[in-house]
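Numbering (our numbering), first residue to last: 342 to 651.
In structure tokens, the structure reads:
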């Protein structure tokens, strides 16, 4: 399936292509699609993370609806917990994120996390790359595994971390070591009033302590929003666009995506060949760096072939 065909054949063709990527990611067809999609990025990619039960899915549904009202096409990757028996997703896209299945401008794909601890499925990056070439916005909702949920920073342009009022999430936010991951923090269930405001103040305080003396050009914004009442959703959408605009200046987006690509190549090779395989790279005269603009899939194939030689 070519990228041009996906653009004309709609959601059913995209679903089939993503299934093919999951089933046989190393096939010539899959690799050609990934290479083509990598060359034509279009979407702003937003990753939504946070502890289980915080209200990520409801907030994602509100964000998708707001994007659609503004005329943006939207692709969603919802990473689900896995069945111990089949390895497949326990939940489905219709359960996780409410959306109009007949809307050709939106598409939701559920993926099983299996044994990944970082809140993402193995094929999330591949699916994101394809969907990034097809839609105006791509939203990735992680499985919600708490302290390990940092992988999303390796696939998203903007990371949104969700906190629930009255749950101690602000303290967990600090303990989990993910305080430097998000660009936006959203206190969900803002209609809880004083409890939501206390949570927002707690997170703001935690951030000020954690980032004291830091040199980041982007100050992390802490917002409160309610998917039920709609309060704060407009401000959230403005903040997402503000970060998108920030990335568009001085080549920041290209630099961030390049670093992500290098990280993905390194992790993929570690998963496939282990520490011994990585250690062999130096002896082979290779390293994990990517030349500017080089596709990670191509680089991974080249290094993989070298490491597979006796």
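We put the beta carbon where it would ideally sit given N, CA and C, even for glycine.
Just checking my contact of residue i with residue j at CB under 8 Å: how many whole Å lie between their CB atoms?
i           : j           : result
residue 481 : residue 499 : Not a contact, Cβ separation roughly 10 Å.
residue 386 : residue 497 : 5 Å
residue 316 : residue 415 : In the structure displayed, the chain extends from 342 to 651; residue 316 sits before or after that span and is not available.
residue 603 : residue 629 : 6 Å
residue 576 : residue 588 : In fact, because the Cβ distance is near 19 Å, the residues do not count as touching under 8 Å.
residue 449 : residue 420 : The pair is not a contact, with the Cβ atoms about 12 Å apart (cut-off 8 Å).
residue 356 : residue 342 : No, residue 356 and residue 342 are not in contact; Cβ-Cβ is about 11 Å, not under 8 Å.
residue 572 : residue 612 : That belief does not hold up - the Cβ atoms of residue 572 and residue 612 are roughly 42 Å apart, past 8 Å.
residue 468 : residue 347 : The Cβ separation is near 12 Å, so there is no contact.
residue 547 : residue 520 : 7 Å
residue 631 : residue 606 : 7 Å
Looking only at C-alpha atoms, which of the options sits nearest to residue i?
i           : options            : result
residue 651 : 629, 625, 636      : 625
residue 525 : 347, 468, 391      : 391
residue 544 : 502, 534, 576      : 502
residue 601 : 634, 387, 494      : 494
residue 643 : 568, 367, 403, 447 : 367
residue 444 : 451, 609, 421, 408 : 408
residue 354 : 471, 393, 372, 604 : 471
residue 384 : 591, 581, 620, 608 : 581
residue 538 : 521, 558, 506      : 506
residue 534 : 520, 559, 570      : 570
residue 609 : 342, 648, 351, 541 : 648
residue 398 : 613, 585, 567, 358 : 567
residue 528 : 574, 357, 484, 492 : 574
residue 483 : 532, 542, 401      : 401
residue 412 : 447, 542, 388      : 447
residue 389 : 492, 549, 360, 362 : 492
residue 645 : 549, 561, 618, 585 : 618
residue 393 : 504, 540, 360, 364 : 504
residue 559 : 594, 530, 536      : 594
residue 561 : 578, 540, 579, 584 : 584
Tell me, please, which residues DSSP counts as bridged to residue i.
i           : result
residue 564 : 527
residue 499 : 387
residue 504 : 528
Could you give the residue range of the alpha helix (DSSP H) that holds residue i?
i           : result
residue 638 : 637-649
residue 360 : 352-364
residue 598 : 593-624
residue 589 : Unbroken run through residue 589: none, as it is neither H nor E.
residue 379 : 369-379
residue 410 : 397-410
Taking the beta strand (DSSP E) that residue i belongs to, which residues open and close that run?
i           : result
residue 451 : 447-453
residue 465 : Residue 465 -> not in any beta strand (DSSP E); alpha helix (DSSP H) instead, spanning 465-473.
residue 482 : 478-482
residue 419 : 415-421
Inter-stretch contact at 8 Å, needing at least 3 Cβ pairs: the segment 356-376 / the segment 628-640: yes
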